[in-house]
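For the sequence shown, my numbering assigns the number 4 to the initial residue and increments by one for each residue that follows. Note that CB positions come from ideal geometry on N, CA and C, so glycine has one too. Structure first, then comments.
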Amino acid sequence: MNKLETTSDISVQISSVSHEIRNHLSVCDMYTQIIRKNLEKSGIENQSIDNAIDCIQQSIKIIESNLLDLKSLNRNNLKIVDFEKIVTNGVELSKAYVIDKEISVNLFVKNTALIKVDESRFLSVIVNIIKNAIEAIQLKGEIEVLAEIKNDKGIIKISNNGKPIPKEKQSRLFEQGYTTKDTGCGLGLCICKKYLEEQNSQISLLRSTKKQTTFEITVPVFCGEDSI
Numbered sequence: 004m005n006k007l008e009t010t011s012d013i014s015v016q017i018s019s020v021s022h023e024i025r026n027h028l029s030v031c032d033m034y035t036q037i038i039r040k041n042l043e044k045s046g047i048e049n050q051s052i053d054n055a056i057d058c059i060q061q062s063i064k065i066i067e068s069n070l071l072d073l074k075s076l077n078r079n080n081l082k083i084v085d086f087e088k089i090v091t092n093g094v095e096l097s098k099a100y101v102i103d104k105e106i107s108v109n110l111f112v113k114n115t116a117l118i119k120v121d122e123s124r125f126l127s128v129i130v131n132i133i134k135n136a137i138e139a140i141q142l143k144g145e146i147e148v149l150a151e152i153k154n155d156k157g158i159i160k161i162s163n164n165g166k167p168i169p170k171e172k173q174s175r176l177f178e179q180g181y182t183t184k185d186t187g188c189g190l191g192l193c194i195c196k197k198y199l200e201e202q203n204s205q206i207s208l209l210r211s212t213k214k215q216t217t218f219e220i221t222v223p224v225f226c227g228e229d230s231i
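The structure is reproduced here in structure tokens:
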């Protein structure tokens with residue numbers, strides 16, 4: 004079998020699997036809409052349920068975006084969005100992961116501007132970092148998200164007062180296959196870094212001590228069609 008035939012077979016398999024996954028995603032999306040409509044019809048208001056539904060629907064979008072990655076080299080669907088709005092959305096989605104813990108997730112936005120990013124992927128990075136922060140806190144703690152525009156860059160600092168990352172492991176956090184979790188696969192932070200770099204953005208670990216662990220995300224402010 005030559006290389007072209009192998010590539011063709013893989014493409015067919017990818018298309019088939021992607022199709023099946025999309026079918027199931029459609030079912031999930033449909034039922035979230037049914038649940039929301041039934042709650043509205045019954046006059047039931049529950050912020051936790053609303054946040055969970057929003058999180059599921061956003062996760063569906065992220066998965067669909069990842070499926071497109073398998074079929075096309077055009078991996079980023081860039082659009083102009085408001086910096087404050089997308090950060091706020093990411094923080095609200097992340098709160099769905101606070102289960103059976105006393106964790107406050109506080110957001111402080113100093114100012115805002117337009118940025119040009121793949122919205123689903125940028126959101127997935129914010130959610131992933133906050134989710135990691137939640138997992139680092141054993142039972143009770145605080146997560147702080149600071150967002151500001153400075154020197155033509157959007158800067159997001161995500162801090163938590165949970166278990167610190169050991170010093171000897173900090174330099175390898177973004178390596179593929181490397182993880183500090185007992186049940187981790189070592190893909191989360193590596194993928195976050197990859198997603199951001201494809202959008203001319205960056206992520207780094209600023210510090211991890213007994214008092215605080217802080218990650219920083221930077222993204223260019225949109226100044227015109229040549230900014231990315």
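Using alpha carbons as the reference points, say which of the options lies closest to residue i.
i           : options            : result
residue 135 : 92, 85, 49, 195    : 195
residue 32  : 67, 140, 46        : 67
residue 155 : 122, 99, 227       : 227
residue 204 : 140, 92, 121       : 121
residue 80  : 177, 167, 175, 124 : 124
residue 101 : 139, 199, 167      : 139
residue 82  : 70, 54, 119        : 119
residue 173 : 216, 86, 54        : 216
Going by DSSP, what residue range makes up the alpha helix (DSSP H) through residue i?
i           : result
residue 204 : Element bounds for residue 204: n/a, residue is neither H nor E.
residue 125 : 122-139
residue 172 : 170-173
Can you give the Cα-Cα distance for residue i and residue j, rounded to whole angstroms?
i           : j           : result
residue 88  : residue 48  : 23 angstroms
residue 190 : residue 201 : Reliability fails at residue 190, whose pLDDT of 47 lies under 50, so the model's placement of it is uncertain and the value that follows must be treated cautiously. Near 16 angstroms, if we compare the C-alpha coordinates of residue 201 and residue 190.
residue 56  : residue 40  : 11 angstroms
residue 58  : residue 133 : 13 angstroms
residue 24  : residue 214 : 42 angstroms
residue 147 : residue 220 : 14 angstroms
residue 223 : residue 160 : 15 angstroms
residue 169 : residue 211 : 8 angstroms
residue 90  : residue 225 : 16 angstroms
residue 187 : residue 84  : Caution applies to residue 187, whose pLDDT of 44 falls short of 50 and renders its modelled position unreliable; the value that the coordinates give is listed next. Near 32 angstroms, if we compare the C-alpha coordinates of residue 84 and residue 187.
residue 218 : residue 149 : 11 angstroms
residue 273 : residue 162 : Absent from the model: residue 273. The displayed extent of the chain is 4 to 231, so no value can be given.
residue 98  : residue 128 : 14 angstroms
residue 117 : residue 27  : 34 angstroms
residue 197 : residue 46  : 43 angstroms
residue 193 : residue 206 : 10 angstroms
residue 36  : residue 103 : 26 angstroms
residue 64  : residue 209 : 30 angstroms
residue 29  : residue 70  : 14 angstroms
residue 107 : residue 145 : 5 angstroms
residue 165 : residue 176 : 17 angstroms
residue 52  : residue 178 : 36 angstroms
Hey, residue i and residue j are a contact pair by Cβ (cut 8 angstroms); roughly how many whole angstroms apart?
i           : j           : result
residue 109 : residue 152 : The pair is not a contact, with the Cβ atoms about 19 angstroms apart (cut-off 8 angstroms).
residue 142 : residue 171 : Contact flag wrong, Cβ pair sits at about 26 angstroms.
residue 96  : residue 50  : About 13 angstroms separates the two Cβ atoms, so there is no contact after all.
residue 93  : residue 126 : 5 angstroms
Following the continuous beta strand (DSSP E) through residue i, name the residue where it begins and the one where it ends.
i           : result
residue 143 : 143-153
residue 108 : 105-112
residue 101 : That residue, residue 101, is in no beta strand (DSSP E); it is neither H nor E in DSSP.
residue 219 : 216-223
residue 163 : 156-163
So with Cβ pairs under 8 angstroms, would you call residue i a contact of chain C?
i          : result
residue 96 : Note that chain C does not occur in the displayed structure, where there is just one protein chain.
Whole beta strand (DSSP E) runs in the stretch 28-88 with 3 or more residues, listed along the chain?
As far as the stretch 28-88 is concerned, its whole beta strand (DSSP E) runs of at least 3 residues are 81-85.
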